[in-house]
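Structure record follows, encoded as structure tokens.
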Amino acid sequence: MAGKTLYDKLWDSHLVKQRDDGTALIYIDRQLIHEVTSPQAFEGLRLAGRKPWRADANLATPDHNIPTTKAERSRGLEGIIDPVSRIQVKTLDANCLEFGITELDMNDIRQGIVHVVGPEQGATLPGMTIVCGDSHTSTHGALGALAHGIGTSEVEHVMATQCLIQRKMKNMLIRVDGQLNPGVTAKDIVLAIIGEIGTAGGTGYTIEFGGEAIQSLSMEGRMTVCNMAIEAGARAGLIAVDETTVNYIKGRPFAPQGEMFDRAADYWRTLVSDADAHFDRVVVLDAADIIPQVTWGTSPEMVAPVTGEVPDPDLETDSSRASNIRQALKYMGLKPRTPIRDIKLEYVFIGSCTNSRIEDLRAAAAVVKGRKVASNIELAMVVPGSGLVKQQAEAEGLDKIFIEAGLEWREPGCSMCLAMNADQLPAGKHCASTSNRNFEGRQGFGGRTHLVSPAMAAAAAIHGHFVDVRDILLEH
Amino acid sequence: MRAFTVHTGLAMPLDRANVDTDFIIPKQFLKSIKRSGFGINLFDEHRYLDKGEPDADNSKRPINHDFVLNQPRYKGASVLLARDNFGCGSSREHAPWALDDYGFRVLIAPSFADIFFNNCFKNGILPIVLDKQTVDQLFKEVEANEGYQLTVDLPAQTITKPDGSTISFEVDAFRKHCLLNGLDDIGLTLEDADAISAFESQWREKSPWYFGTPAKS
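These protein sequences, in sequence, are chains A and B. Heads up: the first sequence runs through residues 1 to 476, numbered per this note's numbering. Heads up: the second sequence runs through residues 477 to 693, numbered per this note's numbering.
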């Protein structure tokens, strides 16, 4: 009999009941909660007179609607100018209080983007099943946890039953062999993968990312890769546990301590796919071939190396693909065969659950240090992923580097990644963004998003258009 | 949940691949703490020419007459014909809520994104996967024939076209059962409360590090 994949092991260890119809009840260890997808779930519990099955399995923090300027934040809840946003954040506070759920509220130093906060607090642990009413829950798979994004009905279901009704998915392995070249990052790996398999390539699968290039990544880099598994169509991404994982968790507030930690770590080290495990699909990339990536269109699969150019729909043989390209180029205001490096920018956004952790900010700061933002850039902003990331960055003086270079240094939240708060990309403006989605209107009505790594976004801010960050790093 | 058995309705084609949930309902409408009232902002960025706001009077907004939803012949449509990877992106259940609130009961596409697909079943909407050629043919027929209606029979798992011919489709047995009976799956799961408790005690015994949170500071 073939061995088990990491996904098989996580599934088997959480299987409460296999039903005859092929569905299963899977036990959920942790639910992360934010203000946007939870109010209707709490309301459902209230209407049915139900209580959370296990309140201590839940952890909440507001992030999507949170303002990011100091002026607004210094006034607490009342600083949220939009009354509808303010009600949503207040509703989360009230619901957590009523149902006995721990919340890191907007004035708590530990508040931040839910997918940054979970691992940072040690609330995300290897071997767990984790859900959140947010598709980027796949992020937590970087720690060897089975983590799914779910809808609000399922948020309520997990609150009430501690279980999720699931059908087992297929196993896919994406192996990235060899070592990355300098200046090429986790973000470039995952964009290259999406470019290769497409945004529906992972539909129906759990993707395990492996190979030397993945194993060499830091925990934060691994989170960036798993974060965008959903952009490849997979609800869950996974990376095997190793010493990098175990060391990352040690000492975090929600993690086990002392002898309990050692016992847990012994178990966590078993959370790897067996050598003879069967994968339904295997995709192999060579890390050395990956060049810094830039999206040119309105889907993350519309991506090219910075050395490349915007495609020409007339050269596309598949007619529906050609029409997708035309639609995207029209929205983006780009001509076929424009070199990526000639795309001019007006906005730069460094932040989001993909790239707002301390290493992301260090990488961006290293590029802008001692330089100035180009005159055609109307706004370049850096939004740390949590209050603790912000504190750490300030302790290292990164805030000063950004401010001196002409970037704005903001308070933590989701910000312009999805633009539910006041941070919006105006119509027609091109933005180099470290976020995860370049859909039409995603960062603001009519806004034009280009997804890149933090170092690439920083380099673009300095030059006012895309440049190959590898050239800049050579100059340094 | 509203039960779904047999539905007959006007079909509307949305000829675009990778329609994401931001396209279905833009983020500014997600600030609502209710589950209803999203229909008027379904496909907002394409349906109107200006930027929508949650408190705007939508009747005064400029309409994009080129967008399929605004074409008089598709008024009252309840069967949406779509392309590959429909519903990709964000997990927002506001997307099926908006489709449902507008009046769509059935979605037909060659493929759907996983989370969205799942969310539809929780809201009494039936998403149907058909092969690409069949969907292509339906697009042609819908566009060529005004008033093109389809009858979707969930018990029989068939779609009947205006000419009387039928197409059969697959649906997960558990989801079919829930849809047909309008079942609340929390209630169903709680019938297994003993099994959940039993699992939980052995799991707590084996992996105590997943239980309990630090004292609130």
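Quick reminder that beta carbons are idealized off the backbone N, C-alpha and C, glycines included.
Membership of residue 281 (chain A) in the beta strand (DSSP E) is indicated by the continuous run 281-286. Nearest neighbour of residue 452 (chain A) by Cα position, chosen from A:381, A:424, A:333, A:293, turns out to be A:293. As a beta-bridge residue in DSSP terms, residue 430 (chain A) pairs with A:448. Beyond the five residues adjoining it in sequence on each side, residue 554 (chain B) comes within less than 6 Å, by CB distance, of 485, 579, 580, 581 in the same chain, given in chain order. If you draw a straight line from the Cα of residue 504 (chain B) to the Cα of residue 439 (chain A), it comes to about 15 Å. For residue 610 (chain B), no CB of chain A lies under 7 Å from its own CB, so it is not counted at the interface with that chain.
Of all residues in the segment 70-90 of chain A, those with a C-beta nearer than 7 Å to a C-beta of chain B are 84, 85, 87, 88, reading in chain order.
The residues 61, 110, 111, 117, in chain order, have a CB closer than 7 Å to that of residue 104 (chain A) in the same chain once the five nearest residues on each side in sequence are set aside. With contact defined as three or more Cβ pairs closer than 8 Å, the segment 202-213 of chain A and the segment 304-312 of chain A are not in contact. Contact with chain B is absent for residue 143 (chain A), since none of that chain's Cβ atoms lies less than 7 Å from the residue's Cβ.
Using a Cβ-Cβ distance cut-off of 8 Å, the segment 488-504 of chain B and the segment 513-526 of chain B are in contact, since at least three pairs of beta carbons, one from each stretch, lie closer than that value. Residues of chain A with a Cβ closer than 7 Å to the Cβ of residue 686 (chain B) are, in chain order, 29, 125, 128. The beta-carbon separation of residue 227 (chain A) and residue 124 (chain A), rounded to 12 Å, does not stay under the 8 Å limit for a contact.
Residue 647 (chain B) and residue 590 (chain B) have their alpha carbons spaced roughly 14 Å apart.
Taking all protein chains in view, the Cβ of residue 317 (chain A) is surrounded by fewer than 16 other Cβ atoms within 10 Å, so the residue is classified as exposed. The three-state secondary structure of residue 667 (chain B), taken from DSSP, is coil.
Fully enclosed alpha helix (DSSP H) runs of no fewer than 4 residues occupy 70-73, 83-99 of the segment 57-111 of chain A, in order along the chain. Under a criterion of Cβ atoms nearer than 9 Å, the residues of chain B adjacent to residue 437 (chain A) are, in order, 496, 498, 565, 566.
The C-beta distance from residue 290 (chain A) to residue 367 (chain A) rounds to 19 Å, too long to fall under 8 Å, and the pair is not in contact.
Shown here, residue 629 (chain B) sits in a strand according to DSSP, grouped into three states. If you draw a straight line from the Cα of residue 100 (chain A) to the Cα of residue 683 (chain B), it is about 23 Å long.
Under the DSSP assignment, residue 237 (chain A) falls outside any alpha helix (DSSP H), being part of the beta strand (DSSP E) whose first and last residues are 236-238.
For residue 518 (chain B), no Cβ of chain A is located within less than 7 Å of the residue's own Cβ. Burial state of residue 221 (chain A) is buried, judged by a 10 Å Cβ sphere holding 16 or more other Cβ atoms. Interface with chain B (7 Å Cβ-Cβ cutoff): residue 151 (chain A) is included.
By a beta-carbon distance limit of 8 Å, residue 306 (chain A) does not contact residue 295 (chain A). Their separation comes to about 11 Å. Contact check between the segment 333-353 of chain A and the segment 407-419 of chain A: three or more CB pairs, one atom from each, fall below 8 Å, which counts as touching.
With fewer than 16 neighbouring CB atoms inside 10 Å of its own CB, residue 18 (chain A) falls in the exposed class. In the three-state reduction of the DSSP assignment, residue 485 (chain B) falls in the strand class. Sixteen is the threshold: when 16 or more other Cβ atoms of the shown chains lie within 10 Å of the Cβ of residue 384 (chain A), as they do, the residue is buried. In this structure, residue 480 (chain B) lies near residue 600 (chain B), with their beta-carbon atoms less than 7 Å apart.
Cβ-Cβ distances below 8 Å link residue 179 (chain A) to 212, 213, 216, 287, 288 in the same chain, with the five nearest sequence neighbours on each side left out; the list follows chain order.
With fewer than 16 other Cβ atoms from the protein chains shown falling within 10 Å of its own Cβ, residue 1 (chain A) counts as exposed. For residue 208 (chain A), the uninterrupted beta strand (DSSP E) segment begins and ends at 205-210. Within the model, the alpha-carbon separation for residue 454 (chain A) versus residue 191 (chain A) is close to 13 Å. With respect to residue 156 (chain A), residue 44 (chain A) sits close: the two C-beta atoms are nearer than 7 Å.
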